[in-house]
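Numbering (my numbering), first residue to last: 11 to 725.
In this text, a Cβ means the ideal position worked out from N, Cα and C, and glycines have one as well.
Here the structure comes first, spelled out in structure tokens, and everything after it is commentary.
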Ligand code: 3HC
Ligand code: NAI
């Protein structure tokens, strides 16, 4: 787990060995303690170099061990023992030095980094803080403001930035271990006093108190209820105000609170779930990652509207050649200029000169004849999409993958328009498509595993978290969202205000409540969908449509031209014109009062518990139905869709993980309660999978699949 060899006659080379990322498991920590002791007590060894095998220094603590009882040496004394050594110890950083890996390097007297390495303290993203001395050593090395930035955000820095910040002593393009050995030999015999970071004073700015106050305020605001970023600030404050021994004690205390918290469990669940979803298998057992993905280098995008533009940018930024087809001349011009602008801004943000991207524009569908994959992003109109798929099937090569960005329509129906339905897959991007991380990959009953594999790989290549799901109306994302949004409108109908509903959801951790989100994306979007479903009856107030409860409030607002932010009015008021600040609208309040009076509804006082439970539990309940139907392979898939597609607070793990933390029997009991109160809302009826899980003793989320797989009667 850590091997010691003597190199260049007098350098003890310690190599961490724990593939794939040399995480600091108990065995690795024991290996480090033993090899360091051996090297220091060997008179032949004049200096020590620590490196990791297979081109990775160390990605930190072994996260898999967090759920097990602690064993092996503690990391803080292990690193302290390196720092007090009287022979120079040099870290040779290749690949990654993250979390405990970087903290280990900070305990060394010198750090040499490969130019392509990434360094960082991402513990905050796992609900923790850098508790191997990182919160105490980093501010002493690079100063308080820079350390606060890295520790509270968990962002990785390149070797070049690390050198600029003073985190590393040298960056090399050559063999890093050889460079570190050479460097170690050059410093043998030099004093190590100034190299022991924990003994150095913490360089503090003059306005330190004000700085911490400012940072704490900012961090609390952006943390949306997450505890770890706040604890990170407190730990750095300890470094700035206390000697190392007391500071490290404070670091330990803060870590103890975080380590056992539900938030840390949720964030670590997200870390592993993100990796689990990329290894998805179909319900029939076919695994996309066993199918060899096809090579894709040229892609077509059909339709240069809101989505087509973002998709084009995402593809071009990843170095793919893109053919964008748009039939409307005006849209083509607007689209071209929007794409160029987005590409230029992206280049500016990355600090690179504008790269020549391969984007070609055409008004003819025939221009896509030689591409390997097509992404259709025209209006959400089944008839139009069917026509396009039929034409694509004739125009494209016989092995071209045909994908649709539809947000809800039947992928199988599109597939049936083509000669090769096995090559049809849904690629559901989220707006803005070049920025949002989620890609919902929808496979129909006839989609070939290789087609899904190709799309999943393409998603990864363009930087998305791809989640594969089965075909159903709205897929996982919008099918669940519909019920959650509908519940919010019912609450307003019954007496809540949009502000109160939004405030409750934002306090829970969503960056934006449902009504603000709806105003942002445009109320007319849902109105069009409801019209197509035959639900809209202009001017009508009836509250039952197609045999179930219906709230026409959204339709009535659209009929008044209130489409949200873009028209300056929606559920909120946006004044002056163009403002993005949502202000409560007195007009809406009177409109709601009048509406309720006309409906004979007596407004109730609704508290935040009811808002949260009805909105979230209807979302969760539909998640169980989706699992039961095999539309999502596991709860992780649903959770990643909500975390990456809808900013569900990550520190709550996603809706299904949240349900497991609340307790499944509690969720069931509250759903039954609301169902009794509102028997006209069909989806408040608890899912039979939820009932089965509760009657199986509410197993932990990792074991749900066992219950999902057990045969059950539909009766
Ligand atoms: N512990 C355990 N397993 C880890 C790990 C870690 N720290 N880091 C990565 N892995 C595993 C992954 O789960 C994955 O396993 P799988 O193949 O079974 O799914 C495998 O290593 C490869 O990881 P990726 O798929 O993420 O590979 P990439 O090449 O895309 O990324 C990476 C590599 C940049 C190292 C990325 O994995 C990463 O960011 N890891 C997390 C690093 C981290 O958060 N470290 C902090 C740990 S907490 C800590 O150190 C506490 C300390 O203060 C005491
Ligand atoms: P949009 O209305 O902004 O753009 C559609 C574009 O398609 C228009 O520019 C139109 O001229 C073009 N078009 C129509 N017929 C065409 C044809 N035959 N050939 C080439 N171009 C044609 O629509 P938007 O919002 O970009 O949506 C596109 C698709 O993406 C829809 O299926 C929608 O449901 C889906 N979607 C939309 C999201 C959103 O937030 N807007 C999010 C996720 C999916």
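- Under the 10 Å beta carbon count, residue 80 is surrounded by fewer than 16 other beta carbons and is classified as exposed.
- Taking 8 Å as the upper bound for CB-CB distance, residue 37 and residue 150 are not in contact here, some 30 Å apart.
- Straight through space, the alpha carbons of residue 378 and residue 371 are spaced by roughly 10 Å.
- Distances from the CB of residue 335 to the heavy atoms of the ligand NAI include at least one below 7 Å.
- For residue 228, the enclosing alpha helix (DSSP H) begins and ends at 218-233.
- Here the alpha carbons of residue 601 and residue 550 stand approximately 15 Å from one another.
- In this model, residue 375 and residue 402 are separated by some 8 Å (Cα to Cα).
- For the 8 Å CB-CB criterion, residue 331 and residue 520 do not form a contact.
- In terms of side-chain proximity, the C-beta atom of residue 113 is found nearer than 7 Å to a non-hydrogen atom of the ligand 3HC.
- Residue state for residue 26 is assigned as strand, using DSSP reduced to three classes.
- For residue 406, the secondary structure class from DSSP, reduced to helix, strand or coil, is coil.
- Judged by beta-carbon spacing, residue 122 lies within the 8 Å limit of residue 193, meaning their Cβ atoms are closer than that value.
- Checking the DSSP bridge columns, you'll see residue 308 partnered with 331.
- As DSSP reads the structure, residue 209 sits in no beta bridge.
- Measuring C-alpha to C-alpha distances from residue 510 to each of 619, 135, 429 and 17 identifies 619 as the nearest.
- Taken in chain order, the complete alpha helix (DSSP H) segments of 4 or more residues contained in the segment 627-708 are 645-656, 665-672, 674-687 and 698-705.
- Where residue 162 is concerned, the enclosing alpha helix (DSSP H) starts and stops at 154-163.
- Beta-bridge analysis with DSSP links residue 372 to 335.
- Counting the other CB atoms within 10 Å of its CB gives residue 687 a total below 16, which places it among the exposed residues.
- Residue 388 places its beta carbon less than 8 Å from that of residue 312.
- Checking the DSSP bridge columns, you'll see residue 383 partnered with 309 and 411.
- Beta-bridge annotation (DSSP): residue 123 is paired with 103 and 181.
- With a threshold of 7 Å, the Cβ atom of residue 390 counts as near the ligand NAI, since some heavy atom of the ligand is closer than that.
- Assignment of residue 490 by DSSP, reduced to helix, strand and coil, places it in the helix class.
- DSSP lists no beta-bridge partner residue for residue 616.
- Around the beta-carbon of residue 28, 16 or more other beta-carbon atoms lie within 10 Å, marking it buried.
- Taking C-beta atoms under 8 Å as the contact rule, residue 110 and residue 70 qualify, at a distance of about 4 Å.
- Secondary structure note for residue 605: its alpha helix (DSSP H) is the uninterrupted segment 596-609.
- Listed in chain order, the non-local C-beta contacts of residue 356 below 8 Å within the same chain comprise 323, 327 and 444, local neighbours out to five positions each way being set aside.
- Assigned with DSSP and collapsed to three states, residue 450 falls in strand.
- In its chain, beyond the 5 residues on either side, 385, 435 and 437 have a beta carbon closer than 6 Å to the beta carbon of residue 413.
- Its chain contains 306 as the residues whose beta carbon lies nearer than 6 Å to that of residue 468, once the 5 sequence neighbours on both sides are disregarded; these appear in chain order.
- Taking C-beta atoms as the reference points, residue 641 and residue 479 count as a pair closer than 8 Å.
- Per DSSP, residue 438 is one residue of the beta strand (DSSP E) stretching across 434-439.
- In the three-state reduction of the DSSP assignment, residue 532 falls in the coil class, being assigned neither a helical nor a strand state.
- Distance from the Cα of residue 329 is smallest, within the candidate group 339, 584, 78 and 309, for 309.
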